[in-house]
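Residue numbers (the numbering used here): 1 to 976.
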């Protein structure tokens, strides 16, 4: 056991102070298993005895006397008093920091699909939103270490209060943001002003507690912080949909949090204790005891506010670089998940947007349980401190493996929750290990801040792994993150090896102290934090420093400065390196960008022509003429009107030359949902500045669903034919997909769809966020009808209210989606999750003073499993269960052949993310009459997100549209 005696004299006259061995009990190896340790009997009165005779050569006599000045019981009571003065306030401070940081993740999911969503309101893409985290981390990384070095000189209470008030004000300023640049600016200043809070708290703990006592205190401090996800989720849920005072819900979220932060900052100024030596609520004897019990390497208030030699010595030690790499690799691998966890969960599609915010809460609860359980275990001194974060990382790797290899809805949710909770708890378990190896006031402040700041370089780039092109399963993102966490595991093992002896001695000495306390003895020895280092390597890494006779040469100082500068440059490069070249002249007419691209011009023309279902004629004529101008053979396929009042409707069918029955059929629809929204362009920036061309936002009805697919399909076909004029490609653009599927049904029953089919591949175009769809849900629509008896409302007992009869049946049907299948609920599948039911329209009655004789509701079911007939049976049984067989309320399914089962598609083309979706398509209406072993392949792919497709903020970026052309070309090339 390498326990070193302190060589540090805490008082100037310590060398002349003597101790008489007859007056103090000092033991060496007193009993089995205690090792070569020195003990002294604690005093049981308020006096400090004067001793003579040097008992332990080289040991500070005054320090020995002070360590024995309180009994074990008095020490325990004193620590509890310190805890109550310090820990609750630090915990609340940390909680607010965590809440204020995570709010940007929840803001992205609030009011999604509406004009009040932060992305829509600030005209940002999800990839641009990734930069929000980067803009926070850049100043945070740079300012963290200087902030911590200022902490001691200014006093913790003043400096931490300054941090909180300033960042609270900046948080309130978020509510005034109106564009992307404004959000970047406030996040930059938030990172700048928040820098130093957490490492300052850690350093402050080092002034009050021994290293072996810090772990449970860190757990207590971070316990409330781990609830930040719970608090943020609840607040986001509460403010979701709020528009009070003209502010969106996300603005109320940050404004509320900012006000609370400012208030707490003021409280911190008056209540936060600074140092033991300045604590007015401690007696002189207690103040002396608290500082005396700290190890020699601990920071003390009496030390200089800044010691350059100590800082440079800290930079020379391997530990600071090993811990830095641990932090950096881990933050790259996990920050993106933390930032995007609410979005990943929201994209799974098995719950409403508001409820998805609450589904993030289990991750926080899990993190709390982990920190409490492992904090208690670590405090026993039995478990190696590095083993706990190592175990966490191994489990995170397993979770990432699930997210990468088995991306089904349940697996993604469970693995996301586990990995999110473990990554949060990892930091809590790492800090006790780190702080037990720091030294001195300046060294401790710098080492802790250095790990927390430059280790967060990963935070600046981690969110960039979760690019929107990987959504919604993010398997590529998790694969990359898996590699970084693997590197963190390797660095953890290397660092553990280097600090092995310090950890063993710290835990062993803790157990010895616990045993000695029971006998009212004080232990005089401290852990030698340099134990186990075969030599002090002052030329590491890469001979960065030189040392001769303990004096740093100028070259060492120069290289230390160079290192900090290079590290900052690396952070900047990692954080910003993903950006594309920028257009500098934003004043140019945005239409010029569209005019310069045939693809974008064609897409613009499509969107500018209204084509709400049943009114597709004008856009159909335009598509027909355009394809004819590109040397396609084009046919207008008249669709039989469903009603006599309908205008002429037709599908457009195009092919090359006389090849009327091509090998590959690529199809999408030209109708849209109401209402018509005009075409518009939005540069995701202010009126001055720069923007990425590919991030130019194109808004309007149909920009996504499905005119983006129509445009991309046409130009993918044209480019394919340029490269291969003999490519056997056919294009079908049909009508009525949004309400009845009449266009595809007509094509399916025509001579163009023979038995067996001549085509061997069909590619359907719908908004899939540039992913291949493995499956989508089926559909079943019906009316629930209630018949009653009319009467005067003054005499309701003379009639029978159809609406009153309808309501309980509807209420029960609405529960079927959550009921287990064995209890009569709707069917479920592992791939598509649960079937869902939506009551879309209810009407009945003629006046408020008449008992309604008739009422009905339009209901739509999205089938995750089974056939429409299976679901019809479930609905009929449910209605009978409520009505008792009374036929006055009954479901009307119309055509018993209507509806469609879940659809499954091929996903065997490399280079695409694979997802499932909840919406329906034209695919079921296309009857493919396979014969023998020959099977027609089906792919579902397209640009844009279904989450905005039918909303008033429907929009797509230039980059997505152009990428879709490349995606369709790959699918066509693979199919030919």
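Glycine included, C-beta positions come from ideal geometry on N, C-alpha and C.
In this text the structure is predicted, and so the values were computed from the model without any measurement.
_Other residues of its chain near residue 166: CB distance less than 6 angstroms, five sequence neighbours each side excluded_ = As a working note, residue 166 is residue 166 in the chain shown. Counting only Cβ-Cβ distances below 6 angstroms, and skipping sequence neighbours, we find 193.
*Where do the N-terminal and C-terminal ends of the alpha helix (DSSP H) with residue 746 fall, by residue?*
In the chain shown, counting from the first residue as 1, residue 746 sits at position 746. That run of the alpha helix (DSSP H) goes 742 to 748.
*When the distance is taken between beta carbons, is residue 733 closer than 8 angstroms to residue 701?*
Working through the chain shown from its first residue, we reach residue 701 at position 701. Working through the chain shown from its first residue, we reach residue 733 at position 733. Taking 8 angstroms as the Cβ cut-off, residue 701 and residue 733 do not qualify as a contacting pair.
*Measure the alpha-carbon distance for residue 238 versus residue 246 and round it to whole angstroms.*
On the chain shown, position 238 is the one that residue 238 refers to. On the chain shown, position 246 is the one that residue 246 refers to. Cα to Cα, the separation comes out at about 17 angstroms.
*asked:* With three or more C-beta pairs closer than 8 angstroms as the rule, is the region 262 to 281 touching the region 127 to 144?
replied: no
*Determine the contact status of residue 228 and residue 99, defining contact as a CB-CB distance below 8 angstroms.*
Counted from its first residue, the chain shown places residue 228 at position 228. Counted from its first residue, the chain shown places residue 99 at position 99. Contact flag set, yes.
*Which one of 653, 612, 972, 708 has the shortest CA to CA distance from residue 627?*
Here the question's residue 627 lines up with position 627 in the chain shown. The option with the nearest alpha carbon to residue 627 is 653.
_On the criterion of 16 or more Cβ atoms from any shown chain inside 10 Å, does residue 176 qualify as buried, or is it exposed?_
In the chain shown, the residue the question calls residue 176 occupies position 176. Exposed, since its Cβ has fewer than 16 Cβ neighbours within 10 Å.
*Rank 435, 402, 390, 68 by C-alpha distance to the C-alpha of residue 423 and give the top, closest one.*
Looking up residue 423 in the chain shown gives position 423. Closest in alpha carbon position to residue 423, among 435, 402, 390, 68, is 390.
*Reduced DSSP category for residue 782 - H, G, I as helix; E, B as strand; rest coil*: Position 782 of the chain shown holds residue 782. Looking at residue 782 - three-state DSSP - the assignment turns out to be strand.
*asked:* Between the alpha carbons of residue 418 and residue 295, how many angstroms are there, rounded?
replied: The count along the chain shown starts at 1 and reaches residue 418 at position 418. The count along the chain shown starts at 1 and reaches residue 295 at position 295. Near 37 angstroms, if we compare the C-alpha coordinates of residue 295 and residue 418.
_As a quick exercise: from 191, 151, 367, 189, pick the residue whose alpha carbon is nearest that of residue 200._
To locate residue 200, count along the chain shown from 1; it is residue 200. Of 191, 151, 367, 189, the residue nearest in Cα terms is 151.
*Is residue 894 helix, strand or coil when you go by DSSP?*
Here the question's residue 894 lines up with position 894 in the chain shown. In this structure, residue 894 counts as coil in the three-state DSSP scheme.
*Distance, residue 122 Cα to residue 179 Cα*: Along the chain shown, one-based indexing puts residue 179 at 179. Along the chain shown, one-based indexing puts residue 122 at 122. The alpha-carbon atoms of residue 179 and residue 122 are separated by roughly 4 angstroms.
*Enumerate in chain order the residues of its own chain whose CB-to-CB distance from residue 809 is below 7 angstroms, with the five nearest sequence positions on each side excluded.*
Numbered from 1 along the chain shown, position 809 holds the residue referred to as residue 809. The residues are 784, 879, 882, 883, 889.
*What is the C-beta distance between residue 492 and residue 384, in whole angstroms, given that I count them as a contact (C-beta under 8 angstroms)?*
Sequence index remark: in the chain shown, residue 492 carries index 492 (1-based). Sequence index remark: in the chain shown, residue 384 carries index 384 (1-based). Residue 492 to residue 384, Cβ: 11 angstroms. No contact.
*Counting only runs that start and end within the region 603 to 664, where is the beta strand (DSSP E) found for 3 or more residues in a row?*
632 to 638, 650 to 656
_Suppose the cutoff is 8 angstroms on Cβ atoms and the five residues either side in sequence are ignored; what does the same chain contact list for residue 482 look like?_
Numbered from 1 along the chain shown, position 482 holds the residue referred to as residue 482. 333, 397, 400, 401, 404.
*Buried or exposed: which applies to residue 638, given that a residue is buried once 16 or more other Cβ atoms fall within 10 Å of its Cβ?*
Locating residue 638 in the chain shown gives position 638, where the first residue counts as 1. Its Cβ having fewer than 16 others within 10 Å, residue 638 is exposed.
*Should the region 843 to 861 be regarded as contacting the region 792 to 808, the criterion being three or more beta carbon pairs within less than 8 angstroms?*
yes
_residue 734 - containing beta strand (DSSP E), residue span_ = Working through the chain shown from its first residue, we reach residue 734 at position 734. Counting along the chain, the beta strand (DSSP E) containing residue 734 begins and ends at 729 to 734.
*asked:* Since residue 428 and residue 218 should fall inside the 8 angstroms C-beta cutoff, what is the C-beta to C-beta distance between them, to a whole number of angstroms?
replied: What you label residue 428 is simply residue 428 of the chain shown in a count that begins at 1. What you label residue 218 is simply residue 218 of the chain shown in a count that begins at 1. Yes, they are in contact, since the Cβ atoms of residue 428 and residue 218 sit about 6 angstroms apart, within 8 angstroms.
*How about residue 658: is its C-beta nearer than 8 angstroms to some C-beta of chain B?*
Absent here is chain B; the protein component of the structure consists of one chain.
*Shortest alpha-carbon distance to residue 425 belongs to which of 611, 599, 215?*
For the purposes of this step, residue 425 is identified with residue 425 of the chain shown, where counting begins at 1. Checked all of 611, 599, 215; the closest Cα to residue 425 is 215.
*CB-CB length for residue 761 against residue 664, believed under 8 angstroms*: Stepping through the chain shown from its first residue, residue 761 is reached at position 761. Stepping through the chain shown from its first residue, residue 664 is reached at position 664. Confirmed, Cβ separation roughly 5 angstroms.
*asked:* Less than 8 angstroms between the C-beta atoms of residue 694 and residue 954, yes or no?
replied: As a working mapping, residue 694 is identified with position 694 in the chain shown. As a working mapping, residue 954 is identified with position 954 in the chain shown. Contact flag unset, no.
*Mind checking which residues open and close the beta strand (DSSP E) that includes residue 941?*
If you number the chain shown from 1, residue 941 lands on position 941. Where residue 941 is concerned, the enclosing beta strand (DSSP E) stretches over 937 to 941.
*Helix, strand or coil for residue 805 per DSSP?*
In the chain shown, counting from the first residue as 1, residue 805 sits at position 805. Residue 805: helix per DSSP, three-state reduction.
*Tell me the DSSP bridge mates of residue 828?*
Mapped onto the chain shown, residue 828 falls at position 828. 834, per the DSSP bridge assignment.
*asked:* Would residue 737 and residue 922 qualify as a contact pair, given that the criterion is a beta-carbon distance under 8 angstroms?
replied: As a working mapping, residue 737 is identified with position 737 in the chain shown. As a working mapping, residue 922 is identified with position 922 in the chain shown. Yes.
*Mind reading off the beta-carbon distance from residue 980 to residue 616? Whole number of angstroms is fine, and I expect it under 8 angstroms.*
Outside the modelled stretch of the chain, which goes from 1 to 976, sits residue 980, for which no answer is possible.
_Would the region 182 to 190 count as touching the region 146 to 163 if we require 3 or more Cβ pairs under 8 angstroms?_
They do not touch, by the three-pair rule.
*asked:* Within the continuous beta strand (DSSP E) that includes residue 382, where are the two ends?
replied: Taking the first residue of the chain shown as 1, we reach residue 382 at position 382. DSSP places residue 382 outside any beta strand (DSSP E), giving it a letter other than H or E.
*Rounded C-beta distance between residue 770 and residue 943? I'm assuming under 8 angstroms.*
In the chain shown, the residue the question calls residue 770 occupies position 770. In the chain shown, the residue the question calls residue 943 occupies position 943. Yes, residue 770 and residue 943 are in contact; Cβ-Cβ is about 6 angstroms, under 8 angstroms.
*Which ranges would you report for the beta strand (DSSP E) in the region 837 to 878 if only whole runs of at least 3 residues count?*
854 to 863
*asked:* I need the straight-line Cα distance from residue 858 to residue 871, nearest angstrom please.
replied: In the chain shown, the residue the question calls residue 858 occupies position 858. In the chain shown, the residue the question calls residue 871 occupies position 871. Taking the straight line from one Cα to the other gives about 16 angstroms.
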